[in-house]
Amino acid sequence: MNDAASRLPASATLPAEVRAAEDRAAAYDWPAITGELDGFGCAILPSLLAADECRAIAALYPDESRFRSRVVMGRHGFGKGEYRYFNYPLPDPVGALRTAIYPRLAGLANRWNERMGIGERYPVDHASYLARCREAGQTRPTPLLLQYGPGDYNCLHQDLYGELVFPIQVAILLSEPGEDFTGGEFVLTEQRPRMQSRAEVVPLRQGDAVAFAVHHRPVQGTRGVYRVNMRHGVSRLRSGRRHCLGIIFHDAP
Numbered sequence: 000m001n002d003a004a005s006r007l008p009a010s011a012t013l014p015a016e017v018r019a020a021e022d023r024a025a026a027y028d029w030p031a032i033t034g035e036l037d038g039f040g041c042a043i044l045p046s047l048l049a050a051d052e053c054r055a056i057a058a059l060y061p062d063e064s065r066f067r068s069r070v071v072m073g074r075h076g077f078g079k080g081e082y083r084y085f086n087y088p089l090p091d092p093v094g095a096l097r098t099a100i101y102p103r104l105a106g107l108a109n110r111w112n113e114r115m116g117i118g119e120r121y122p123v124d125h126a127s128y129l130a131r132c133r134e135a136g137q138t139r140p141t142p143l144l145l146q147y148g149p150g151d152y153n154c155l156h157q158d159l160y161g162e163l164v165f166p167i168q169v170a171i172l173l174s175e176p177g178e179d180f181t182g183g184e185f186v187l188t189e190q191r192p193r194m195q196s197r198a199e200v201v202p203l204r205q206g207d208a209v210a211f212a213v214h215h216r217p218v219q220g221t222r223g224v225y226r227v228n229m230r231h232g233v234s235r236l237r238s239g240r241r242h243c244l245g246i247i248f249h250d251a252p
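In numbering that gives the first Met the number 0, the protein residues as written are 0 to 252.
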């Protein structure tokens, strides 16, 4: 178990919704997950949400009171489709999962920064990290709900909002491939110095989550450690409707 996970607060001291998310997160093999992130820049967390939870979160999309802003991708050259950023307080289980998953990634994030020669170190609990974001003027929540229809796609990008960036984020597929939609695969690319880019399509089912690198990650080369540049996106939807929940751990200015 990594150092961050060993210092997690006792479950009994947490609010009920956070305790439930904590118990859910604790069921995963985090050394294996962090090993996948180290080796490939991404890792799948199978069945993080149940089907009814996925449907309930997706059903929030039309409720404008839940969100602080709406972005139509085509207006900004981001692709086609749209997404909405949640308001605080985040709905359950979005906020609780954000709180429960962060500590299990903080240790890896700190090791990555150390290997890449980046001075920033992340606190063990998410509340402390959000306090740091507020001090830097980053106060707006970044978890978001994305909606795609036929022909929609998301261009390769990085979710960078301000000076402070937590280097790993999570996306949870809320729709069932082959039933709710076709196409719409989650795609990652990795650009290494003086090498051709590598692409990876991450196979997800409804309720599965993928944890992945936001921006950079370290890779051991023959001449030492170097940074690879990561981007993510979604391929063209062929039919149906696809919803996805994004959990980003840093807030925006």
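The beta carbon of each residue, even a glycine, is placed where N, CA and C say it ideally should be.
Close-in-space but distant-in-sequence residues of the same chain around residue i (CB under 6 Å, 5 per side omitted)
i      : result
Pro252 : Gly136, Gln137, Gly161
Arg69  : Arg83
Thr98  : Val17, His125
Glu71  : Per the sequence presented here, residue 71 reads as Val, with Glu not at that position. The residues are Glu81.
Arg67  : Tyr84, Asn86
His242 : Ala57, Gln146, Leu173, Ser174
Glu35  : Ala42
Nearest residue (CA-CA) to residue i, options the options
i      : options                        : result
Val169 : Leu104, Pro122, Arg69          : Leu104
Asp51  : Glu175, His214, Pro217, Asn109 : Glu175
Ile171 : Gly78, Leu59, Val93, Phe85     : Val93
Arg222 : Arg241, Pro192, Ala108         : Pro192
Thr33  : Ile167, Gly182, Tyr82          : Ile167
Ala208 : Ala31, Ala57, Pro45            : Pro45
Phe47  : Thr188, Val213, Ala95          : In the sequence as presented, Phe is not what sits at residue 47; that position holds Leu. Closest option to Leu47, Cα to Cα, is Ala95.
Leu236 : Gly150, Ser127, Val186, Ala198 : Gly150
Asn112 : Glu134, Tyr225, Arg65          : Tyr225
Arg54  : Gln146, Ala130, Ser238         : Gln146
Gly116 : Ala108, Val123, Pro122         : Ala108
Phe39  : Asp250, Ser234, Ile247, Glu199 : Glu199
Ile247 : Gly177, Ser238, Arg139         : Arg139
Gly182 : Gln195, Arg131, Ser234, Glu134 : Ser234
Asp250 : Asp62, Tyr27, Tyr87, Leu36     : Tyr87
Arg240 : Ile100, Glu178, Glu119, Leu89  : Glu178
Gln190 : Glu21, Pro217, Pro202          : Pro217
Glu21  : Tyr101, Leu59, Val186, Phe66   : Tyr101
Ala57  : Gly220, Gln205, Gln219, Phe211 : Gln205
Phe185 : Ala25, Leu173, Cys132          : Leu173
Cys41  : Met194, Ala25, Leu187          : Leu187
Pro253 : Tyr27, Ile43, Leu36, Arg74     : Residue 253 cannot be examined here, being either before or after the span of the chain that is shown, 0 to 252.
Val123 : Thr141, Phe165, Arg67, Asn153  : Phe165
Tyr152 : Glu63, Trp29, Gly76            : Gly76
Ala210 : Ala24, Ala15, Pro14            : Ala24
One or two residues paired with residue i in a DSSP bridge
i      : result
Tyr251 : Checking the sequence, you will find Ala at residue 251 rather than Tyr. Paired residues: Arg139.
Ile56  : Per DSSP, none; premise fails for Ile56.
Leu244 : Leu144, Ile171
His231 : His156, Leu187
Ser238 : Thr181
Gly78  : Asn153
Where the beta strand (DSSP E) through residue i begins and ends
i      : result
Leu104 : Premise fails: Leu104 lies in the alpha helix (DSSP H), 93 to 115, not in any beta strand (DSSP E).
Phe85  : 81 to 85
Phe66  : 66 to 71
Leu44  : 41 to 44
Contact set for residue i: own chain, Cβ-Cβ below 7 Å, skip 5 residues either direction
i      : result
Leu143 : Tyr82, Arg83, Tyr84, Phe85, Gly245
Leu59  : Arg65, Pro90, Leu144
Ala49  : Gly206
Glu134 : none
Same chain, Cβ closer than 8 Å to residue i, neighbours up to 5 away in sequence not counted
i      : result
Gln157 : Val213, His214, Met229, Arg230, His231
Ser5   : With a pLDDT of only 39 at Ser5, under the threshold of 50, the placement of this residue in the model should not be trusted; the figure read from the coordinates follows. Nothing listed; no residue qualifies.
Gly118 : Asn112
Leu155 : Val186, Thr188, Arg230, His231, Gly232
Continuous alpha helix (DSSP H) stretch holding residue i: start and end
i      : result
Val17  : 15 to 25
Ala126 : 125 to 134
Interface flag, residue i vs chain B, CB-CB below 8 Å
i      : result
Phe180 : Considering every chain present, this structure includes no chain B. It has just one protein chain.
Complete beta strand (DSSP E) runs within the stretch 152 to 227 (minimum length 3 residues, chain order): DSSP runs (the beta strand (DSSP E)) wholly in the stretch 152 to 227: 152 to 156, 167 to 172, 180 to 182, 185 to 190, 197 to 201, 208 to 212, 215 to 220.
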